[in-house]
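Using the numbering used here, read the sequence shown as starting at 99 and increasing by one per residue.
The next block holds one structure in the form of structure tokens; read it before the comments.
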Amino acid sequence: MRDLTAQVTSSLLQFPEVTIQALGEDEITLDSVLFGKFSGGRNGLAWLACGPQLEVVNSLTGERLSAYRFSGVHEQPPIVRVVKEFSWQKRTGLLVGLEEGEGSVLCLYDLGISRVVKAVVLPERVTAIEPITNHGGASVSTQHLHQGLRWLFGVAAVATDVGHLLLVDLCLDDLSCSQNETESSDLEVFTRISAAVPQRRDTVTREGRHLSFQLQNPSGTSIPTLCYISRSNQLAVGFSDGYLSLWNMKTLKREYHSQLEGGRIPVYAVTFQEPENDPYNCCYLWAVQSTQESEGDVVSLHLLQLAFGDRKRLASGQVLYEGLEYCDERYSLDVTGGIFPLRGQTTNTRLLSCQTVEKFRNHVDREDSINEAISPDTSVSIFSWQVNTYGPGKPSTYLGVFDINRWYHAQMPDSLRPEEFLVDCPYFALWSLDAVVSMTSPNLILDILVHERSLSRGVPPSYPPPEQFFNPSTYNFDGTCLLNSGVVHMTCTGVQKETLNFLKRSGPSISEAIHESYNRCLVAGLLSPRLVDVQPSSLSQEEQLEAILSAAVQTGSLELLTGCIKHWTSEEQPSSAANLQFLLEWTWNKVMYAKAELDQICVPLFDGSCNFTDPQALQALQRCQLLLHNLRTVLNCFLTEAQELTEKGFADLTNKHMVISLISLYAQVVAWFCRSSLLPEGLDDNMYLSRPFYNYPLIHNYYTAHRQKLECLSRGKWDSDCLMIDGLVSQLGDQIEKLWQRDEGGTGKYPPASLHALLDVYLLEGIEESYKHAI
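Put into structure tokens, the structure is as follows:
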């Protein structure tokens, strides 16, 4: 398979000069490290920090949204160590962890007013922050939490460099007092939760302190990452010695604690992933181990399987897993270990980002869908990392997509198989971002965000789709790179779209690259299923070309065909006429094939042999309709570009275009009748329809009332006959009026008395099709 590469789709959208200057000053004077992240929330934020300076920008444009320079109580200014997006009471902000001296300060920063509204002193150096809830009190929104936590208003998990793990009350029920990071509140730590939490909280808050529950005593081992998993109501805790813990937020008990197979390497990031309809209530957790903080060259991905006793759907529609039965590591991947060729020996590898993208489809056709806990139809985890090698060359940057449903389909291997590389893996796709690095160098990439809504596959080339169509290498998506000086947008195209783009670019030169084009289509799964097991060497060039043209017309990549037509009609080469004749004959043969397929689909709709249209039949009808539409576009291009045709040739081409236009229109009408439950035709003429699809009395009364209103308003001073539909009908002459007067009750005006009379408009000659559609 060919390597997949990302393409840059924007210039460098630079941050305002004031942002770059504010961050750069501290980088020089305080010897601070600049770092930044996309917030990942719905507000489209990204933040950058260096020393005490915090800058918040728009993640798409780089526009400065907010900025703040934190102050401290010591001579040395504080250092921003951790930032997490946090929203509360219709306000958007950030939870910021400041390192100051030997301790830290947890700040709640309001983006709307660009200031700190809450600040709490922490006993050690903060290393990770994770919001648990932004609600409080005994409400429905907090019923999944431990009773003691429900007395708090806003809870954040905080971890420190000595392994201290705390749940801090953010006191969102009291934002009246003016507070900043230099006037921060003290923390009251409780090692156990008693029934007297509300009384204790009242006492503590009156004294200006914040209540906190200790989950774990200081262990001496730093905690680099925290992740709250809402679907299992667990807090994942990653340690610097490679251990991972899971804490249940309902019981506040640790349910799992074990070292990953990567050994004593820090757990740097965690992300959750759920498969589609696992029968054993299993979901998954990715834990990424990395030595990047110590300039090491290890980044390894570990997939843990979590099995639960129950999986239920809450009243809110959310899914909740309960009763953890076991947690096992099921898959691992070392992204630095020979899985693809590098330009030299690795000196440093660092993880740039990890995220999970899910898509849910409405199952409206399922009777149990109301009470069923819905799982995502698409579930992919996306990782990006950068590899530095010895020498003057630029770093290599990669983006990988793991599709957990395809991993299930591959029978859940525990690692890459021997001699298997990521570029050939059926469940893990790899894109090179070297084009992005080349464009942005020497700027540093800090983070990468894939836009969830952009993740999609193309149109299946055939039904059922070939196996390759479901591989993650077929995904297309857009993303944004956060740099130290701005943002850059990129797009990643899957192997099918990339192949179709190649065909479009080939155009008339396709005849010189038939073999390469055919092989590309074969690898991408774009060819007819009957050709999958056929050796390309056993096919003639003409057969291979016909297969390529079929792939293009089936997927709507018509630029290949129309480009050839335009080129061959404009050049005066001996071969052009023969090429045009071949393409015209192929197109017409394809029309006849599509017509025969349409006839076969329509037979049971009219012979009374079936009482309903199954989804597969409707899909087949829609595919046929789309194919006819595409072929019509090709013939229309022939008609538009045709030059020096004989009168007979032009008439023949015009007739062919008219025939396919009528067939295509017929397919559209049949599809509409099927979607409206007016087809298939039943044997029972008195079959009851759930609703009238053409409610003549209702439509007639509506237009009659408007005509009377206009006549009343005109008072004879201006022509009251000015409804848009009446004007459209009158423009087309009196033949429509005569047609609609023919039926009993017909007035000649819109609406006609029956659906039959309305559809009779399509039988009228001399009227453009677009006008008929408009009526």
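Heads up, the beta-carbon is just placed ideally off N, CA and C, and yes, glycines get one too.
Simplified DSSP assignment, three categories, for residue i
i	result
C619	helix
S477	strand
D858	helix
A405	strand
W816	coil
I289	A quick correction: the sequence has Thr, not Ile, at residue 289. If DSSP states are grouped into helix, strand and coil, T289 belongs with coil.
A769	helix
D697	helix
K847	coil
E465	Residue placement at E465 is poorly supported in this model, since its pLDDT is 45, which falls under 50; the coordinates are not used for a value here.
D750	helix
F736	helix
P316	coil
V106	strand
V535	helix
V521	helix
Y382	strand
S626	coil
K807	helix
G201	strand
V396	coil
G415	coil
F526	strand
V827	helix
I761	helix
G336	strand
Buried or exposed (CB count within 10 angstroms, at least 16 for buried), residue i
i	result
D819	exposed
P778	buried
E279	buried
S467	Its pLDDT being 48, under 50, S467 is placed unreliably in this model, and the coordinates cannot settle the point.
S276	exposed
Q119	exposed
H244	buried
N582	buried
W816	exposed
P65	The shown model of the chain, from 99 to 873, leaves out residue 65, and the question about it has no answer.
H400	buried
V462	Note that V462 scores a pLDDT of 46, beneath 50, so its modelled location is shaky and nothing firm can be said.
A650	buried
D907	Any property of residue 907 remains undetermined from this structure, which presents the chain solely from 99 to 873.
I211	exposed
P364	buried
N375	exposed
G706	exposed
L457	Reading the sequence as shown, one finds Lys at residue 457 and not Leu. K457 comes out exposed.
N878	Residue 878 lies beyond the residue range present for the chain, which begins at 99 and ends at 873; the question has no answer from this structure.
R464	Below a pLDDT of 50, predicted positions are generally treated as unreliable, and R464, at 48, falls in that range; the measurement from the model is reported next regardless. Classification of R464: exposed, given that the 10 Å Cβ count is below 16.
Q698	exposed
C810	exposed
Sub-9 Å separation of residue i and residue j beta-carbons
i	j	result
S137	L143	yes
S588	A236	One detail in the question is off: residue 588 reads as Met in this sequence, not Ser. No, these two residues do not count as a Cβ contact at 9 Å.
T538	V586	yes
Y382	Q357	no
G191	L220	no
A254	T323	no
N677	S609	yes
Y496	V433	yes
P296	W249	yes
L482	L553	The residue you asked about is not Leu; residue 482 is Ser in the sequence shown. Not in contact: S482 and L553 (Cβ atoms no closer than 9 Å).
L889	I761	Lying outside 99 to 873, the shown extent of the chain, residue 889 is not represented and no answer is given.
G654	L724	yes
Y429	W529	no
Query raised in the report: What runs of the alpha helix (DSSP H), each 4 residues or longer, lie entirely inside the segment 634-658?
Result: 639-652, all fully within the segment 634-658.
Query - Touch test, the segment 681-689 against the segment 616-633, Cβ-Cβ under 8 Å, three pairs minimum - result: No contact exists between the segment 681-689 and the segment 616-633.
**Report entry** Validate contact between the segment 483-493 and the segment 447-455 using beta carbons, cut 8 Å, 3 pairs
**Finding:** At 8 Å Cβ cutoff, the stretches touch.
Query raised in the report: Do the segment 195-203 and the segment 222-230 touch if we need at least three Cβ pairs shorter than 8 Å?
Result: As far as the Cβ criterion goes, the segment 195-203 touches the segment 222-230, which means the pair count is three or higher.
Report task. Could I get the ranges of all uninterrupted beta strand (DSSP E) runs contained in the segment 554-619, with 3 residues as the minimum, in chain order? Result -> Here the runs fully enclosed are 575-581 and 584-590.
Report task. Determine contact between the segment 552-564 and the segment 527-544, defined as no fewer than three beta-carbon pairs at a distance below 8 Å. Result -> Contact between the segment 552-564 and the segment 527-544 is absent: fewer than 3 CB-CB pairs across the two stretches fall below 8 Å.
Query raised in the report: Which runs of the beta strand (DSSP E) fall wholly inside the segment 251-297 and span at least 3 residues, in chain order?
Result: The DSSP assignment places complete beta strand (DSSP E) segments of no fewer than 3 residues inside the segment 251-297 at 251-258, 263-267 and 285-288, in order along the chain.
Query raised in the report: Would you say the segment 105-118 touches the segment 172-179, given that touching needs at least three Cβ pairs under 8 Å?
Result: No, the segment 105-118 is not in contact with the segment 172-179.
**Report entry** Length at least 3, wholly inside the segment 115-189: the beta strand (DSSP E) runs in chain order
**Finding:** At a cut-off of 3 residues, the continuous stretches assigned as beta strand (DSSP E) that sit fully inside the segment 115-189 are 133-136, 143-148, 151-156, 162-167 and 177-186.
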